[in-house]
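Heads up: the sequence shown begins at 1 in my numbering, then just goes up one per residue. Structure, as structure tokens:
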Amino acid sequence: MSTHKNFDRICCIVLAVTIVITVLFMCGEKLGITSTARAMGYETKLFDTSKVHTINIVIDDWDSFLKTCTDEEYTSCAVVIDNEAYKNVAIRAKGNTSLTQVKSYGNNRYSFKIEFDHYDSTKSYHGLDKLCLNNIIQDNTYMKDYLCYRMMSEFGVDSPLCSYVYITVNGEDWGLYLAVEGIEDSFLQRSYGNDVGELYKPDSQSMGGGRGNGGNFKMSEFNAEQDDPTDTPDSTKSSTSGQPQGTPPSKPDGEPGGNGGMGGGVNGSDDVSLIYSDDEYSSYQNIFDNAKTDISDSDKDRLIASLKKLNNNEDISDVVDVEEVIRYFVVHNFVCNFDSYTGSMIHNYYLYEKDGQMSMIPWDYNLAFGGFQGAQNASALVNYPIDTPVSGGTVDSRPMLAWIFASDEYTEEYHELFSEFIGKYFDSDYIPNLIESTKEMIAEYVEKDPTKFCTYEEFESGVTALKEFCTLRAESISGQLDGTIPSTSDGQTADSSSLIKADDLNISDMGTMNNNGGGSPDGKAQSNTAQTQSAADDSNTINDKSFSQTPPNNSEGSSDGTDNSTNSDSSVPTGGFGGTPPDMSDSNGSGPPSMPNGEMPSMPDGEMPSMPNGEMPSIPDGNTQGNSQGDNSSEKGSNGQKENAPSKNDEANGETAQTLDRNSIIILAACAGLLIIGVAVAFIYKKKS
């Protein structure tokens with residue numbers, strides 16, 4: 001045993017250091033050390049925006065599935081994403097009003113939701129648990145959602161990832177969709193790390209039934225009660241109604257929007273407006289009933305307390321993530337989306353709360369750029385006032401927005417960030433160039449899309465209108481910021497002479513609520529269904545030909561899991577994604593699996609479907625052996641169950657969720673071990689001395 005005169009001091013230092021490290025590790029957040037976002041792995045794969053990805057849905061009876069889509073019930077299927085096959089996943093139709101609208105149009109191009117972990121909680125797509133496939137309805141530009149999410153994300157707002165995907169069903173063309181990251185566990189972990197807060201999707205059940213809270217909603221009934229946000233005279237002239245141009249006219253009772261009360265929510269649902277009424281849980285059922293995380297009574301109490309402070313304009317920085325929310329409203333108010341929190345419907349947003357501090361997460365922008373209710377007054381939309389940006393109510397009826405204009409300091413920050421946004425994305429031509437490059441990337445896919453809701457010529461007109469809208473909107477907001485154009489409704493009513501003219505802009509060209517719903521006028525959407533099912537029925541075995549679906553940039557991928565996601569080649573796959581679905585027969589050579597009553601397709605673990613020339617796609621399933629491209633592993637935010645080990649490929653792209661968890665455990669174990677060793681050495685030394 002050492003008798004060095006400083007041994008006691010060394011032992012004390014070792015003990016002190018290990019104790020400090022352990023305390024920081026266990027109580028870091030309470031000491032102001034916040035958790036950071038996590039690299040999951042799927043960000044650089046499916047959500048690589050430099051190309052159009054491919055998804056082949058392999059399902060036994062597509063026709064039967066389509067007939068029951070409005071029930072929003074999950075059905076088992078397999079999916080092949082950029083040449084990676086995933087068995088036993090769940091698919092259902094999704095949407096609010098769009099779900100019933102698609103059916104009423106006589107079309108069957110529904111939006112879909114894929115759950116990788118529906119049947120097996122350990123499964124994911126490189127860490128992604130939920131994937132939304134948006135059908136791009138009422139959007140001739142094919143870009144409204146895509147552009148809004150890109151702008152939100154790049155401007156610093158926590159937003160879902162998105163990318164374009166060309167979908168085939170059993171190897172037959174179905175159409176160009178927008179893949180959007182589901183706002184659930186994976187999103188929370190990617191955005192906020194392990195220690196996440198609570199997530200809500202406030203929505204009024206009075207809008208209709210069904211999983212989407214809008215299953216029975218009829219737009220015609222809503223139009224009879226609500227105002228058009230641009231139902232005003234030409235914005236270059238004085239308003240004879242006394243209302244400012246671009247401002248919703250008052251109802252006979254004098255209340256803007258005519259909804260009555262402070263909130264003006266649908267049927268008076270003030271809770272979706274985030275209005276504090278009292279401390280009763282029942283007063284906020286449209287929030288709590290739509291919680292996306294498991295919440296307790298203490299979570300409810302904390303949110304109600306935050307809403308109370310928000311409505312009383314108290315301690316705003318404690319109850320609102322100030323810069324995050326301001327950045328959200330800068331982008332949101334630029335794109336004029338009235339099917340949202342700032343519109344009469346007061347929905348299509350997520351509310352995130354952590355330790356009493358709230359923020360907004362964007363969702364559903366297919367009716368942005370004035371598309372809600374078929375608005376036609378382009379000049380009113382282009383000049384919509386940035387300091388009174390609410391339709392169907394007042395600014396005070398939206399507490400999450402009102403605090404910005406209740407304080408000179410926050411209003412100034414809002415204007416500064418708006419100026420930054422305009423300068424960064426429009427004065428530099430970044431967004432106009434992004435629109436043009438996106439058009440070039442997806443044009444071929446739009447042209448061959450057999451189920452699209454518009455013609456290719458309408459797509460081209462829509463993109464032109466979108467660029468014109470953005471240019472004029474940026475010009476108007478620049479004027480509103482420097483004072484040459486009024487930035488409030490009252491100011492624009494008093495002086496409309498400086499408003500930007502948009503006489504040549506037709507909002508309907510971009511697709512609106514009322515004019516973009518006919519589906520495929522030539523009936524391709526319906527005939528495609530028959531062709532798809534026929535192709536499936538004609539083959540009693542699902543053979544290997546369907547993998548000709550993969551475009552050249554993906555087909556070069558090797559079976560060892562090499563990632564080709566950086567390849568920007570977006571050429572259209574040849575052969576119309578022809579052929580029949582991949583071989584998923586069992587090891588005895590039995591025919592294609594049937595999936596009655598929600599049973600899962602049979603793809604024996606350890607066996608992979610064959611590909612042309614003997615190539616083999618990777619099947620990232622936790623039980624598949626010898627696969628170097630297994631599912632990314634992450635801890636599930638809601639159930640705590642861990643998934644399988646991450647692939648080497650994902651680790652090369654960045655730290656994966658599993659790696660981060662393992663490193664944390666190693667650090668904690670090392671600290672504990674060092675502490676125990678130090679105590680033991682000190683005890684032994686003291687005893688012997």
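Virtual Cβ for every residue (Gly too), placed ideally from N, Cα, C.
Measure the alpha-carbon distance for Gly-479 versus Tyr-414 and round it to whole angstroms. In a straight line, the C-alpha of Gly-479 is about 15 Å away from that of Tyr-414.
Give me the residue from Thr-438, Ile-361, Ser-476 with the minimum Cα distance to Ser-419. Comparing Cα positions, the closest option is Ser-476.
At which residues does the beta strand (DSSP E) containing Met-360 begin and terminate? Its beta strand (DSSP E) spans residues 357–362.
Nearest to Ser-340 by alpha carbon, out of Val-320, Lys-308, Arg-398? Of Val-320, Lys-308, Arg-398, the residue nearest in Cα terms is Arg-398.
To the nearest whole angstrom, what separates the beta carbons of Ser-204 and Asn-286, a pair I think is in contact under 8 Å? The pair is a contact, with the Cβ atoms about 5 Å apart (cut-off 8 Å).
Candidates Arg-9, Lys-113, Ile-13, Ile-19, of which the one nearest Ala-672 by Cα: Checked all of Arg-9, Lys-113, Ile-13, Ile-19; the closest Cα to Ala-672 is Ile-19.
Segments assigned alpha helix (DSSP H), at least 4 residues, entirely inside the stretch 94–149: List check, alpha helix (DSSP H) in window: 97–104.
Taking only the alpha-carbon atoms, compute the straight-line gap between Tyr-110 and Ala-39 and give it to the nearest angstrom. Computed Cα separation, rounded: 31 Å.
Alpha carbon to alpha carbon, how far is Arg-456 from Phe-288? Reading off the sequence shown, one finds Tyr at residue 456, where the question assumed Arg. Cα to Cα, the separation comes out at about 43 Å.
Give every residue of the same chain whose Cβ lies closer than 6 Å to the Cβ of Lys-130, excluding the five residues on either side of it in the sequence, and list them in chain order. Here the set comprises Glu-115, Gly-182, Glu-184.
Nearest candidate by alpha-carbon position, reference Met-400, set Asn-313, Asp-495, Ser-277, Leu-417: Closest by alpha carbon: Asn-313.
Report the partner residues of Val-80 according to the DSSP bridge assignment. Within the DSSP secondary-structure output, Val-80 pairs in a beta bridge with Asn-56, Ala-85.
By how many angstroms is the C-alpha of Ala-85 removed from the C-alpha of Val-390? Cα-Cα distance, rounded: 46 Å.
So, using beta-carbon positions, are Asp-297 and Ser-359 closer together than 8 Å? With a cutoff of 8 Å on beta-carbon distance, Asp-297 and Ser-359 are scored as not near each other.
Which listed residue (Thr-49, Gly-197, Val-157) has its alpha carbon closest to that of Val-180: It is Thr-49 whose Cα lies nearest to the Cα of Val-180.
Neighbourhood of Trp-363 by C-beta distance below 8 Å, restricted to the same chain and skipping five residues each side: Excluding residues within five positions, the ones whose Cβ falls inside 8 Å are Pro-160, Ile-183, Lys-201, Asn-348, Tyr-349, Tyr-350.
Identify every residue that forms a DSSP beta bridge with Ala-291. The bridge partners DSSP lists for Ala-291 are Tyr-200.
Who are the Cβ neighbours of Tyr-119 in its own chain at under 8 Å, not counting the five residues just before and after it? Apart from the 5 residues on each side of it in sequence, Tyr-119 sits with its Cβ closer than 8 Å to the Cβ of Ser-76, Asn-88, Val-89, Ala-90, Met-600 in its chain, given in chain order.
Helix, strand or coil for Asp-173? Go by DSSP, reduced to three states. DSSP places Asp-173 in strand when its eight states are reduced to three.
Per DSSP, Cys-162 is paired with what? Beta-bridge partners of Cys-162 (DSSP): Val-180.
Below 8 Å between beta carbons: does that hold for Cys-132 and Tyr-365? Pairing Cys-132 with Tyr-365 gives a Cβ-Cβ distance that is not under 8 Å.
Tell me, please, which residues DSSP counts as bridged to Tyr-350. Partner(s): Ile-361.
Can you check DSSP and say which residues form a bridge with Val-320? Val-320 is bridged to Met-358.
Given this structure, state the Cα-to-Cα distance separating Gly-212 from Gly-95, to the nearest angstrom. For Gly-212, the predicted structure reports a pLDDT of 41, less than 50, and the residue's modelled location is therefore unreliable. A value from the coordinates is still provided. Per the coordinates, the alpha-carbon of Gly-212 lies some 6 Å from the alpha-carbon of Gly-95.
Backbone CA spacing between Gly-106 and Met-345 [nearest angstrom]: The alpha-carbon of Gly-106 is positioned some 26 Å away from that of Met-345.
Drop a sphere of 10 angstroms on the beta-carbon of Glu-468, count the other beta-carbons inside from all chains shown, and report buried for 16 or more, exposed for fewer. Counting C-beta atoms within 10 angstroms of its own C-beta, Glu-468 has 16 or more neighbours from the protein chains shown and is therefore classed as buried.
Through-space distance from Ala-380 to Asp-408, alpha-carbon basis: Take the alpha-carbon of Asp-408 and the one of Ala-380: they are about 26 Å apart.
Whole angstroms is fine: what's the gap from Ile-386's alpha carbon to Val-272's? When rounded, the distance between both Cα atoms is 22 Å.
Could you tell me which of Gly-127, Val-165, Phe-155, Phe-372 sits nearest to Leu-51, measuring between CA atoms? In the sequence as displayed, the identity of residue 51 is Lys instead of Leu. Among Gly-127, Val-165, Phe-155, Phe-372, the Cα nearest to that of Lys-51 is on Val-165.
Report, in whole angstroms, the separation of the C-beta atoms of Tyr-328 and Val-157, which I expect to be a contact under 8 Å. Between Tyr-328 and Val-157 a beta carbon distance of about 5 Å is seen, short of the 8 Å cut, so the two are scored as contacting.
Closest by CA to Phe-112, which one among Thr-54, Ser-124, Leu-99, Thr-122? With distances taken between Cα atoms, Phe-112 lies closest to Leu-99.
State yes or no: is the C-beta of Met-691 within less than 8 Å of the C-beta of Leu-466? With the chain covering 1 to 689 only, the question about residue 691 has no answer from this structure.
Sort out for me which residues DSSP pairs Thr-438 with in a bridge. According to DSSP, which records beta bridges pairwise, Thr-438 is partnered with nothing at all.
On the DSSP letters alone, give me the boundaries of the alpha helix (DSSP H) that Ser-298 sits inside. It spans 297–311 - the alpha helix (DSSP H) in which Ser-298 sits, taken as one unbroken run.
Tyr-456: first and last residue of the uninterrupted alpha helix (DSSP H) it sits in: Run containing Tyr-456: 456–482, per the alpha helix (DSSP H) assignment.
Alpha helix (DSSP H) containing Thr-342: first to last residue? Element bounds for Thr-342: n/a, residue is neither H nor E.
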